[in-house]
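**Q** Just so you know, the sequences run in chain order A and B.
Okay, so the first sequence: first residue is 1 according to this note's numbering, each after it adds one.
Okay, so the second sequence: first residue is 401 according to this note's numbering, each after it adds one.
Here a beta-carbon is modelled for each residue, glycine too, at the ideal position from N, C-alpha and C.
Quick one: this structure, given as structure tokens, is what I'll be asking you about.
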Amino acid sequence: MSYLKSGRPPRAAGLGSRQDLLFSWLALPAAAILALLLGALLILAFGASPITGYHALITGAFSGTYALTSTAVKAVPLLLVGLGICIAFRANMLNIGGEGQIAMGGLAGTATALAVPGLPAVILVPLVLLAGAVGGGIWGAIPGAFKAYFNVNEILSTIMLNLVAVQFMNYLLSGPLVAHSGYAVGGLIPQTRLLSPNSWLPTLIAGTQLHLGVLIAVLLAVAVYVLLWRTSLGFRIRAVGLSREASRYAGMSVRPTMTLAMTLAGALSGVAGAMLVTGSISHRMVTDGTLTGFTGNAGFNGIVVALFAGLQPLWTIVTAFLFAGLLVGGTSMQVVTGVPADLVTAINGIIVVLVVSVEYLRRRARARARAAAAAGPGARDAPASGQADATGIAEKEVPA
Amino acid sequence: MSQFFTTAVLVATVAAGVQLATPFLLAALGETMGQRSGVVNLGVDGIMLLGAFGAYYVAAKTGNLVLAAATGLGIGVVMGLLTAFVSVTLKAEQGISGIGVFLFGLGLTNVLLLRVFPSPVTIAALPAVPIPLLHRIPYIGPMFFTQNWLVYLAFLLVPVLTFVLNRTTYGMKIRAVGENPAAADTVGVSVARIRYSTVIIGCALAGLAGATLLLQIGIFQEDITNSEGFIAVALVYFGAWRPLGVMGGSLLYGMVGAVVVTWKTLGIIPTSESDIAAMAPAVLTVVALLSVARRYRQPAALGKPYERGA
């Protein structure tokens, strides 16, 4: 894949020592394996066999058409949120608002499908997805603009907007959008009317859940790759992420670029929200009053997926599929061993912590390799190269 | 509306608001300590969840509520060691590692809840401890001085931490490390040691906040914190890194929460509208973040791992 050609993270570009490359290739799988081993300990603690558990997990996720298609469908929101993270993070912004953006996209898509149910499918399906993008995009634009123009910490504003979104969702689904015909599950869970079949995402393989959304998400991944590395906007986004001051000095419009990066991130999450409704089995929006109930935690897991892909859009396709496998397989594991599927969430958490922890060791290995290289011609250069590397590290830090 | 303005209802609402504010306050005060020394801990919510579950387990098995609260605190200390190791020693990206801790806490407590308590039990309520004399003051007494001991502890921490941060050598070192770690290092202050201490204090208070939340609710539910830990982090910014400001923000959240519950119970507003009302604190916080970002400066080294010679 393109990872080697041009896909290396820009911060590491130009440093390419072989040792560093090897380490960065080994570090992430090592982190995943370590996390799975810790998960195995937890399974053992519950008196089940980790081998049986993980076997059930892998079979449930990847064995057979049904499992594979379920995993692919589950991967869609993870991939879309992850793509948004790739964009926003490269502009040096951490978007933790995926959950809220998914919900707002879902609401906007649902409202559109309910408002104009009569439109033919060729128009309504894209329209609903577009509405989702707009809903999520607005929810990303707000923290983006606040960060760009008023220097408001985007981590906090996105968290707050998640809280606003969940209340807004509950308001709409217990009032304006609720189906008066009844509630799901014995009148406890509010839901909308059944959406017009013209808004449903068409199924790609009969008898499975595999819908058009999977294809769209993969195409969007390619589009994000092209955007980031083949367009001037992508260049601006990456430049702003590396140094706002330098970009401003170079005459780039820093603030609009930052706002746009977050808007795009929100829009991608919003599309995921719309797909969660029109690609679902029930074809309506259902809420249990929590964001997770609708998003399945995709807003957070998408961060894991993007991070694990090294913020590479094309690699995000792979990691989204793998992590979706964990989620789908976790349910099978629960059935076989009785260990609750939420174990997968805990393992995801461990993976995140490990990935960011090895990042420092990777940087240090890189610095050492460069110091050694510089020490060759003249030992006096070594501290100087250390200095240069230190600036590289300082530049890497995201102001929280 | 008129029912709401009877004194009995108002007093009860304020008292409930103070109680609801307590977990926010404990967690946010802890986070303040860490942030003043330059460390952002976004894992507060996960640590609160773990603390709450630990407290639930101990309370359900022993019935000893003090031991339950201490368990929450202890779990916080352990998580604090881990967080400090990742953030300070391994110099990890703090925003992201915190998300990892959150996911870990969320997943693990759900797993444990389903396995250890297939049918959850309710634990004994925290008894109110009226403060002698003060609780007799009309209105004020029932509002503020007839609370449980964790409430008193949390609010007592406000002046204590203000004093520690502004008037002690330790506090000065914390601020120095948060503003200019290189300078602090030069004069012999161990940046790592100070940051370890503040992160552990912060996480211990987060664990205690989770325990407090649990003991006040009386039963553990999936995702019991409902993002309270994340809100607590925002409240630190809201309060401009000062314990008193943090207290103001916590009380705002507590009061709005109490008012919305009272309104719902009294049927003043229908459920759907109460969802809109419940947005108020989050919207207010975003607005407050706007003005704080303009008026106050965050600790200069916030979120930046320190590397000697860098």
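Out of A:T71, A:A179, A:G273, which one is the CA nearest neighbour of G451 of chain A?
**A** With chain A covering only 1 through 400, there is no way to say anything about residue 451 of chain A.
**Q** Once DSSP output is grouped into helix, strand and coil, what is the label at L15 of chain A?
**A** Within the first sequence, the letter at position 15 stands for residue 15 of chain A. Residue confidence for L15 of chain A is low, a pLDDT of 40 falling below 50, so the modelled location carries little weight; the figure read from the coordinates is stated next. L15 of chain A falls in the coil class under three-state DSSP.
**Q** Go through the segment 593-618 of chain B residue by residue and report every complete run of the alpha helix (DSSP H) that reaches 4 residues or more, in order.
**A** Listed in chain order, there is nothing to give.
**Q** Could you list the residues in the segment 151-175 of chain A with a C-beta less than 8 Å from some C-beta on chain B, going in chain order?
**A** Taking 8 Å as the Cβ-Cβ cut-off against chain B, the residues of the segment 151-175 of chain A that qualify are N151, V152, N153, I155, L156, S157, I159, M160, L161, N162, L163, V164, Q167, F168, N170, Y171, S174, G175.
**Q** What ranges does the alpha helix (DSSP H) occupy inside the segment 457-545 of chain B, keeping only unbroken runs of at least 4 residues that lie completely in it?
**A** Runs found: 465-484, 494-516, 540-544.
**Q** Got a sec, what are the start and stop residues for the alpha helix (DSSP H) V659 of chain B sits in?
**A** The residue given as residue 659 of chain B occupies position 259 in the second sequence. Taken as a continuous stretch (DSSP letters only), the alpha helix (DSSP H) holding V659 of chain B covers 643-666.
**Q** What's the call for I281 of chain A, buried or exposed, on a 16-neighbour Cβ count within 10 Å?
**A** For the purposes of this step, residue 281 of chain A is taken as the residue at position 281 of the first sequence. Burial call: exposed.
**Q** If we ignore side chains and look at the alpha-carbon of each, how far apart do V344 of chain A and G97 of chain A end up?
**A** Stepping through the first sequence from its first residue, residue 344 of chain A is reached at position 344. Stepping through the first sequence from its first residue, residue 97 of chain A is reached at position 97. The straight-line gap from Cα to Cα measures roughly 21 Å.
**Q** Looking at the secondary structure, which residues open and close the alpha helix (DSSP H) in which H55 of chain A lies?
**A** Within the first sequence, numbered from 1, the residue matching residue 55 of chain A stands at position 55. From DSSP, the alpha helix (DSSP H) with H55 of chain A extends over 50-62.
**Q** Run down chain A in chain order and give the residues with a C-beta less than 8 Å from the C-beta of K664 of chain B.
**A** One-based indexing of the second sequence puts residue 664 of chain B at position 264. Those do not exist, as K664 of chain B stays about 12 Å from chain A at its closest Cβ, beyond 8 Å.
**Q** At the level of alpha carbons, what is the spacing between E431 of chain B and R642 of chain B?
**A** Residue numbering aside, residue 431 of chain B sits at position 31 when the second sequence is read from its first letter. Residue numbering aside, residue 642 of chain B sits at position 242 when the second sequence is read from its first letter. Looking at the two C-alpha atoms, the distance is approximately 11 Å.
**Q** According to DSSP, Q191 of chain A sits in a beta bridge with which residue or residues?
**A** In the first sequence, the residue the question calls residue 191 of chain A occupies position 191. A:V286, per the DSSP bridge assignment.
**Q** Are the C-beta of P50 of chain A and some C-beta of chain B separated by less than 9 Å?
**A** The residue given as residue 50 of chain A occupies position 50 in the first sequence. Not closer than 9 Å to any Cβ of chain B, the Cβ of P50 of chain A fails to qualify, so no.
**Q** Is T203 of chain A helix, strand or coil when you go by DSSP?
**A** The count along the first sequence starts at 1 and reaches residue 203 of chain A at position 203. Strand.
**Q** Under 9 Å between C-beta atoms, does I601 of chain B make it to chain A?
**A** As a position in the second sequence, residue 601 of chain B is number 201, starting the count at 1. So no, I601 of chain B is outside the interface.
**Q** One question on the structure: do G480 of chain B and V599 of chain B come within less than 9 Å of each other, judged by their Cβ atoms?
**A** Here residue 480 of chain B is taken as the residue at index 80 of the second sequence, counted from 1. Here residue 599 of chain B is taken as the residue at index 199 of the second sequence, counted from 1. It is a contact, given that the beta carbons lie within the stated cut-off.
**Q** Are any of the Cβ atoms in chain B nearer than 9 Å to that of E245 of chain A?
**A** Sequence index remark: in the first sequence, residue 245 of chain A carries index 245 (1-based). No, no contact with chain B.
**Q** Assign M1 of chain A to one of two classes, buried (16 or more other C-beta atoms within 10 Å of its C-beta) or exposed (fewer than that).
**A** The residue labelled residue 1 of chain A in the question sits at position 1 within the first sequence. Low confidence applies here, because M1 of chain A scores a pLDDT of 33, under 50, leaving its location unreliable; read the following figure in that light. With fewer than 16 other Cβ atoms within 10 Å, it is exposed.
**Q** I want to see whether chain E comes within less than 9 Å of Y360 of chain A, judged by CB atoms only; does it?
**A** As a matter of chain content, chain E is missing from the structure shown, whose protein chains are A and B.
**Q** Please go through the same chain and pick out, in chain order, the residues whose beta-carbon is closer than 7 Å to the beta-carbon of A141 of chain A, but skip the five residues on each side of it.
**A** Residue numbering aside, residue 141 of chain A sits at position 141 when the first sequence is read from its first letter. So the qualifying residues of the chain are T259, M262, T263, G266.
**Q** Looking at chain A, is there any beta carbon in it that lies within less than 9 Å of the beta carbon of G505 of chain B?
**A** Numbered from its first residue, the second sequence carries residue 505 of chain B at position 105. It does: the Cβ of G505 of chain B has a partner Cβ on chain A nearer than 9 Å.
**Q** Once the 5 residues before and after Y653 of chain B are set aside, which same chain residues still bring their CB inside 8 Å of it?
**A** Numbered from its first residue, the second sequence carries residue 653 of chain B at position 253. Closer than 8 Å at Cβ, skipping near neighbours: L420, A421, F424, I631, L635, P681.
**Q** Taking F300 of chain A as the query, report the chain B residues whose CB atoms sit under 7 Å from its CB, ordered along the chain.
**A** Indexing the first sequence from 1 puts residue 300 of chain A at position 300. What F300 of chain A touches in chain B: I499, L503.
**Q** Which value, in whole angstroms, describes the spacing of the CA atoms of G495 of chain B and I155 of chain A?
**A** The count along the second sequence starts at 1 and reaches residue 495 of chain B at position 95. The count along the first sequence starts at 1 and reaches residue 155 of chain A at position 155. Going from the Cα of G495 of chain B to the Cα of I155 of chain A covers about 8 Å.
**Q** Can you find a CB in chain B that lies within less than 9 Å of the CB of L402 of chain A?
**A** Not covered by the structure: residue 402 of chain A. The range shown for chain A is 1 to 400.
**Q** Since A48 of chain A contacts T337 of chain A with CB under 8 Å, what's their CB separation in whole angstroms?
**A** Taking the first sequence and counting its residues from 1, the one referred to as residue 48 of chain A is at position 48. Taking the first sequence and counting its residues from 1, the one referred to as residue 337 of chain A is at position 337. Indeed they touch by this definition, with Cβ atoms about 4 Å apart.
**Q** The alpha helix (DSSP H) that contains G175 of chain A, what's its start and end?
**A** Translated into positions along the first sequence, residue 175 of chain A becomes position 175. Counting along the chain, G175 of chain A falls outside any alpha helix (DSSP H), and DSSP gives it neither H nor E.
**Q** Take G53 of chain A and list the residues in its own chain whose beta-carbon comes closer than 8 Å to its own, dropping the five residues that flank it on each side.
**A** What you label residue 53 of chain A is simply residue 53 of the first sequence in a count that begins at 1. Excluding residues within five positions, the ones whose Cβ falls inside 8 Å are A40, I43, M333, V336, T337, V339.
**Q** Quick one: list the residues of chain A neighbouring R515 of chain B, beta-carbon separation under 7 Å, in chain order.
**A** Taking the first residue of the second sequence as position 1, residue 515 of chain B is located at position 115. In chain order: F46, P340.
**Q** Measure how close the beta-carbons of L177 of chain A and L220 of chain A come, nearest whole angstrom, since I'm counting them as under 8 Å.
**A** Residue mapping note: residue 177 of chain A aligns to position 177 of the first sequence, counting from 1. Residue mapping note: residue 220 of chain A aligns to position 220 of the first sequence, counting from 1. Not confirmed; about 27 Å, so no contact.
**Q** Along the segment 678-695 of chain B, what residues have a CB closer than 7 Å to any CB found in chain A?
**A** Answer in chain order: A678, M679, A682, V683, T685, V686, L689, L690, A693, R694.
**Q** Using only CA atoms, which one of B:V687, B:A470, B:Q547, B:A554 lies nearest to L426 of chain B?
**A** Within the second sequence, residue 426 of chain B is the residue found at index 26, counting from 1. For the residues B:V687, B:A470, B:Q547, B:A554, the minimum Cα distance to L426 of chain B belongs to B:A554.
**Q** Considering only the beta carbon of each residue, do A30 of chain A and V353 of chain A sit closer than 9 Å?
**A** For the purposes of this step, residue 30 of chain A is taken as residue 30 along the first sequence, with counting starting at 1. For the purposes of this step, residue 353 of chain A is taken as residue 353 along the first sequence, with counting starting at 1. Against a cut-off of 9 Å, the Cβ pair of V353 of chain A and A30 of chain A comes out as no contact.
**Q** Whole angstroms are fine: how far does the CA of A372 of chain A sit from the CA of M160 of chain A?
**A** Residue mapping note: residue 160 of chain A aligns to position 160 of the first sequence, counting from 1. Residue mapping note: residue 372 of chain A aligns to position 372 of the first sequence, counting from 1. Distance between the alpha carbons of M160 of chain A and A372 of chain A is about 47 Å.
**Q** When the Cα of L381 of chain B is compared with those of A:L37, A:L311, A:A375, A:G349, which residue comes out closest?
**A** Nothing can be reported for residue 381 of chain B: it is not among the residues displayed for chain B, which extend from 401 to 710.
**Q** Excluding the 5 residues preceding and the 5 following L173 of chain A in the sequence, name in chain order all residues of the same chain whose CB lies nearer than 6 Å to its CB.
**A** Working through the first sequence from its first residue, we reach residue 173 of chain A at position 173. Taken in chain order, the residues that qualify are P190, T287.
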